[in-house]
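**Student:** Right, I'll just put the structure down here and ask away after.
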Amino acid sequence: MLGLGNYESSSEDEFEKKPAFNPKVSQHTSKSQPAVVSETTLKREPSGPVLGPMHEEFETRQAVGEQSSTSRTLIHDLTLPPIPNLDIPPSPPGSPNPSSNAKFAHFLSLKKQDVHFNDKLAGSASLKNPSLMRKLMEHAGIDDQAQYSSSLPPDLWNISKLPNWGYKEELLRAQKGHNAKAEEGRLRGQRDIVEFVSGSTSAPSKLTTTMDHFPGTWGRPRNDVYGAYDSSYLQTTGPKTHTQSPAVTGTSVLAVKFNGGVAIAADNLASYGSLARFTDVKRLRVFSDSAVVGFSGDVSDMQYIDRLLESIDIKENYSAHGNQLNAKNLHTYLSKVFYKRRSEFNPLWNHILVAGFDSDKKPFLSSADLLGTTFSAPHLATGFGAHLAIPILRRLFPEDRPIEEISKEEAVSALKDCLKVLWYRDARSMDKYSLALITQDGVEVHEDQRIEAQSWAFAESIKGYGAQAV
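So for the sequence shown, UniProt numbering puts the first residue at 1; every next one is plus one.
Okay, structure coming up:
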């Protein structure tokens with residue numbers, strides 16, 4: 001136990017190290033005289049173990065370490081440049097791909113115009129199609145097996161080692177089996193059959209029913225009494241049929257060329273037969289800020305064409321070549337679509353007007369109907385407007401009057417007058433409309449406009465109107 005007294009404290013809080021205890025020196029030192037310890041005694045090798053800094057080897061190692069760290073610092077300072085270079089290193093030879101550069105440049109230009117890819121996708125009606133995922137997988141070359149791939153390591157996720165019950169087909173089959181068992185259990189747990197008998201002593205009547213928690217089945221004839229229900233008339237298969245006549249329709253679309261652009265207008269009514277059913281249907285569609293398409297005819301076919309135009313708009317905006325379709329290209333495409341559907345005996349029941357500019361930056365206006373027939377003129381109208389509005393436009397803008405003499409204000413005023421006449425005379429029109437102006441500066445759309453200065457005083461002179469006798 002006395003040997004332990006020669007050890008020093010290993011506490012980290014004691015910064016000053018005391019000299020090793022030497023019993024020989026303390027024996028020859030009296031209390032009155034201070035102890036004199038020679039250098040040889042201090043340099044003598046201690047009899048017990050000594051910690052850390054008392055070792056000469058540690059001191060030598062510490063000196064070498066300090067010298068090497070100093071050299072390392074000098075080398076580190078010599079290898080660093082005086083001004084750090086934080087620039088991105090140049091690309092390796094042969095990169096990047098010019099087409100990729102063009103795509104990124106086009107993306108940045110669209111972003112400066114406040115056109116964002118995610119917003120375009122979020123508002124796209126084409127991407128809401130439930131069958132679009134299958135088309136995207138086919139376009140990207142992804143099969144049913146590759147759709148389950150992941151960036152996780154194979155030991156965590158390996159599609160080839162999935163059990164059979166891990167696929168959707170087996171899960172669906174298991175779900176159906178579970179639902180069938182639940183239905184059997186529900187039927188077994190139903191209450192007993194309550195038989196309704198007459199007051200006489202005769203045999204119970206065959207009019208029996210099952211009282212349970214499903215009132216929809218109460219009173220249904222029993223199969224064991226009346227036989228199984230004949231559902232042969234509910235045939236789900238049959239010949240393929242197409243739309244024979246439109247159901248919800250829009251009426252006239254009017255358009256006029258003027259000096260520097262085209263004006264086009266259409267009311268907001270969609271009629272269900274003779275019923276003015278939908279009063280807020282916009283029948284003017286803007287395409288890529290360079291053209292406007294006006295629709296008359298079936299509204300559902302109009303929505304189908306609108307989805308086609310939206311998908312083309314996405315492809316054109318995010319293509320590498322940077323070119324965009326003008327109004328003439330768009331009209332050619334739509335006329336081919338109409339002709340193709342007519343040739344398949346499944347026509348699109350629409351008559352459209354396409355307004356904008358051609359490749360020479362000149363005002364363009366043309367029509368296409370359900371047969372794929374096209375027609376161009378300085379002013380056009382569809383529906384009932386072809387009978388009522390065209391004579392007014394021909395009187396205001398005769399053929400010998402050049403377009404350069406027609407101002408934008410004159411064209412807008414003429415369209416408003418024609419819409420007022422249609423509101424008076426066409427039972428399928430209304431007094432709320434949309435007006436679009438296509439110029440070199442872009443497309444300007446005015447929606448929910450009202451026909452001004454309405455007056456039905458002219459109707460008083462019509463025989464059969466009001467209380468007037470015939």
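Ideal Cβ positions, reconstructed from N, Cα and C, are used throughout, including at glycine. Predicted model only: the values in this text are computed from it and were never measured.
(1) If you run the structure through DSSP and keep just helix, strand and coil, what is H331?
(2) Grab me the residues of A320's own chain with a C-beta within less than 8 Å of its C-beta, minus the 5 sequence neighbours each way, in chain order.
(3) Could you tell me the alpha carbon to alpha carbon distance between S109 and S359, rounded to whole angstroms?
(4) Check this for me: beta carbons of residue 471 and G297, under 8 Å apart or not?
(5) From the DSSP output, in three-state form, read off I403 for me.
(6) Which residue's Cα is closest to the Cα of A377: Q324, S91, S290, F258?
(7) Going by the DSSP bridge assignment, what does E444 pair with across the sheet?
(8) Figure out for me which residue from A355, A263, V337, G356 has the closest Cα to the Cα of L348.
(9) DSSP three-state label for I264, please.
(10) If you count every other CB in all the chains shown that lies within 10 Å of the CB of D144, and 16 or more means buried, which is it?
(11) Do the region 396 to 404 and the region 262 to 281 meet, that is, are 3 or more Cβ pairs less than 8 Å apart?
(12) Between G385 and L269, is the Cβ-Cβ spacing less than 8 Å?
(13) Just mark M133 as buried or exposed, buried being the case when its beta carbon has 16 or more other beta carbons within 10 Å.
(14) Taking DSSP as the reference, what is the three-state secondary structure of R428?
(15) Below 7 Å CB to CB, which residues in the same chain sit around G356 once its five sequence neighbours on both sides are set aside?
(16) Return the chain-ordered list of same chain residues with a C-beta closer than 6 Å to the C-beta of V412, the five sequence neighbours on each side being excluded.
(17) How long is the line joining the alpha carbons of G166 and K135, rounded to whole angstroms?
(18) Let me check understanding here. Comparing Cα to Cα, which of L371, T382, F345 lies closest to L353?
(19) Quick check on K206: buried or exposed, where buried means 16 or more other Cβ atoms within 10 Å of its Cβ?
(20) Buried or exposed for H28, please, with buried defined as at least 16 other CB atoms from any protein chain shown within 10 angstroms of its CB.
(21) If distances are taken between C-alpha atoms only, which option among S343, D448, H242, S252 comes closest to H387?
(22) Rounded to whole angstroms, what is the Cα-Cα separation between T373 and L172?
(23) Any Cβ of chain C within less than 8 Å of the Cβ of Q244?
(24) Would D306 pass as a contact of R285 if the rule is Cβ separation under 8 Å?
**Tutor:** On the basis of the supplied data:
(1) Reading the sequence shown from its first residue, position 331 is the one you call residue 331. In the structure shown, H331 adopts helical secondary structure according to DSSP, grouped into three states.
(2) As a working mapping, residue 320 is identified with position 320 in the sequence shown. Spatial neighbours of A320 in its own chain (CB-CB distance under 8 Å, excluding positions within 5 residues in sequence) are listed in chain order as S99, A102, K103, H106.
(3) Numbered from 1 along the sequence shown, position 109 holds the residue referred to as residue 109. Numbered from 1 along the sequence shown, position 359 holds the residue referred to as residue 359. If you take the alpha carbons of S109 and S359, they lie about 22 Å apart.
(4) In this structure the chain extends from 1 to 470, so residue 471 is not present and cannot be described.
(5) What you label residue 403 is simply residue 403 of the sequence shown in a count that begins at 1. In the three-state reduction of the DSSP assignment, I403 falls in the helix class, which pools H, G and I.
(6) Residue numbering aside, residue 377 sits at position 377 when the sequence shown is read from its first letter. That would be F258, whose Cα lies nearest to the Cα of A377.
(7) Looking up residue 444 in the sequence shown gives position 444. Answer is L437, bridged to E444.
(8) Your numbering for residue 348 matches position 348 in the sequence shown. Considering only alpha carbons, the answer is V337.
(9) In the sequence shown, counting from the first residue as 1, residue 264 sits at position 264. In the structure shown, I264 sits in a strand (DSSP, three-state: E or B).
(10) Position 144 of the sequence shown, counting from 1, holds the residue named residue 144. Classification for D144: exposed.
(11) Note that the region 396 to 404 does not touch the region 262 to 281; fewer than 3 beta-carbon pairs, one per stretch, sit closer than 8 Å.
(12) Here residue 385 refers to the residue found at position 385 when the sequence shown is read from its first residue. Here residue 269 refers to the residue found at position 269 when the sequence shown is read from its first residue. Going by C-beta atoms, G385 is not nearer than 8 Å to L269.
(13) If you number the sequence shown from 1, residue 133 lands on position 133. Burial call: exposed.
(14) Walking along the sequence shown from the start, residue 428 turns up at place 428. Per DSSP, reduced to three states, the secondary structure at R428 is coil, with no helix or strand assignment.
(15) Locating residue 356 in the sequence shown gives position 356, where the first residue counts as 1. Exclusion of the five residues before and after G356 leaves V262, S290, A291, V292, N326, A327, F364, I438 as the residues of its chain whose Cβ lies within less than 7 Å of its Cβ.
(16) Numbered from 1 along the sequence shown, position 412 holds the residue referred to as residue 412. Correct list, in chain order: A263.
(17) Locating residue 166 in the sequence shown gives position 166, where the first residue counts as 1. Locating residue 135 in the sequence shown gives position 135, where the first residue counts as 1. Taking the straight line joining both Cα atoms gives about 24 Å.
(18) As a position in the sequence shown, residue 353 is number 353, starting the count at 1. Ranked by Cα distance from L353, the options L371, T382, F345 are led by T382.
(19) Translated into the one-based positions of the sequence shown, residue 206 becomes position 206. Unreliable positioning characterises K206 in this predicted model, as indicated by a pLDDT of 44, which lies under 50. The coordinate reading is nonetheless provided below. Within a 10 Å sphere around the beta-carbon of K206 sit fewer than 16 other beta-carbons, which makes this residue exposed.
(20) The residue labelled residue 28 in the question sits at position 28 within the sequence shown. In this prediction, H28 scores a pLDDT of 43, lower than 50, which makes its location untrustworthy; no coordinate-derived value is stated.
(21) Looking up residue 387 in the sequence shown gives position 387. Nearest option by C-alpha distance: S252.
(22) For this step, residue 373 is matched to residue 373 along the sequence shown. For this step, residue 172 is matched to residue 172 along the sequence shown. Roughly 50 Å separates the two Cα atoms.
(23) Looking at the structure shown, chain C is missing, and only one protein chain is on hand.
(24) Counting from 1 along the sequence shown, the entry for residue 306 is found at position 306. Counting from 1 along the sequence shown, the entry for residue 285 is found at position 285. In contact: D306 and R285 (Cβ atoms closer than 8 Å).
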